[in-house]
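Counting from 22, one number per residue, gives the positions in the sequence shown under the working numbering.
Ideal placement from N, C-alpha and C gives every residue a C-beta, glycine not left out.
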Amino acid sequence: MILANDALTKLRDGNRRFVAGDVDASIASRAHQADLSNGQNPFAIVLACSDSRVPVELVFDQGFGDLFVIRVAGNVVAPSQIGSIEFAASKFGTRLVVVLGHSNCGAVIATLEELALEKTHRSPNLRAIVDRVRPAIEPVLETHGNSDEHSLIGAAVRANINASVERLSHGSLILEQLIDGDELTIVGAEYSIETGQVEFFDER
Ligand SMILES: [Zn+2]
Numbered sequence: 022m023i024l025a026n027d028a029l030t031k032l033r034d035g036n037r038r039f040v041a042g043d044v045d046a047s048i049a050s051r052a053h054q055a056d057l058s059n060g061q062n063p064f065a066i067v068l069a070c071s072d073s074r075v076p077v078e079l080v081f082d083q084g085f086g087d088l089f090v091i092r093v094a095g096n097v098v099a100p101s102q103i104g105s106i107e108f109a110a111s112k113f114g115t116r117l118v119v120v121l122g123h124s125n126c127g128a129v130i131a132t133l134e135e136l137a138l139e140k141t142h143r144s145p146n147l148r149a150i151v152d153r154v155r156p157a158i159e160p161v162l163e164t165h166g167n168s169d170e171h172s173l174i175g176a177a178v179r180a181n182i183n184a185s186v187e188r189l190s191h192g193s194l195i196l197e198q199l200i201d202g203d204e205l206t207i208v209g210a211e212y213s214i215e216t217g218q219v220e221f222f223d224e225r
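Shown next as structure tokens:
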């Protein structure tokens with residue numbers, strides 16, 4: 022069993038290799054499947070955005086069986102995301118959950134646009150995402166309303182990541198019990214599309 026701190030170190034080291042271009046090229050081609058046919062033991066769970074520029078395994082230089090990844094636009098927390106994390110944490114004993122947002126997130130920007138100008142033509146399904154991002158972002162508009170667009174989007178992205186961490190931490194009895202028993206740690210992180218670096222919020 023890999024403890025949360027050790028899992029964080031593995032992710033930090035992997036992202037450093039990715040940024041440096043010093044990745045393990047054999048990961049993708051290696052025939053891991055045989056070793057994993059009897060089960061999996063992922064050392065971290067990652068809730069990330071679906072954005073095509075944020076391929077989770079690549080940015081952490083990880084391979085088959087390493088990460089249990091859930092991707093949804095805007096890294097929002099809905100029942101199916103909570104259920105996926107409950108499943109992985111309970112079934113595999115994975116101790117670390119990372120909510121990985123990223124710079125210039127389209128779901129966050131769409132929500133900011135929506136708050137600026139009410140739009141009614143979104144499908145109910147797309148609305149289900151925007152409506153989950155919106156509560157995190159409304160307070161940001163109050164504090165950063167006069168900031169330039171870049172700062173506003175940056176603050177909104179971070180608020181959305183923190184909101185997902187908060188929602189996961191209190192959205193499920195199973196996860197709460199694991200957290201209370203020191204068996205699960207949930208941290209937010211932001212991937213920079215510009216630099217490739219992941220900043221973990223616990224480093225602040
Ligand atoms: Zn995104």
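Take ALA180, set aside five residues on each side of it, and the residues of its chain with a beta-carbon closer than 8 Å to its own are ALA157, ILE158, PRO160 and VAL161, in chain order. Inter-segment contact for the segment 171-186 and the segment 79-94 is absent: fewer than three beta-carbon pairs are separated by less than 8 Å.
A straight line joining the alpha-carbon of LEU24 with that of ALA65 spans about 10 Å. For a cut-off of 8 Å, the C-beta gap from VAL67 to LEU121 is around 6 Å, short enough to register as a contact. Distances taken from the Cβ of HIS171 to the heavy atoms of ligand 1 include none shorter than 7 Å. Between LEU117 and ALA28, the C-beta gap is smaller than 8 Å, which places the two residues in contact. A distance below 8 Å separates the beta carbons of HIS123 and ILE214. DSSP, reduced to helix, strand and coil, places PHE221 within a strand of the structure shown.
Here VAL90 is bridged, per DSSP, to VAL67.
The Cβ neighbour count for GLY35, taken over all protein chains shown within 10 Å, is at least 16; the residue is labelled buried.
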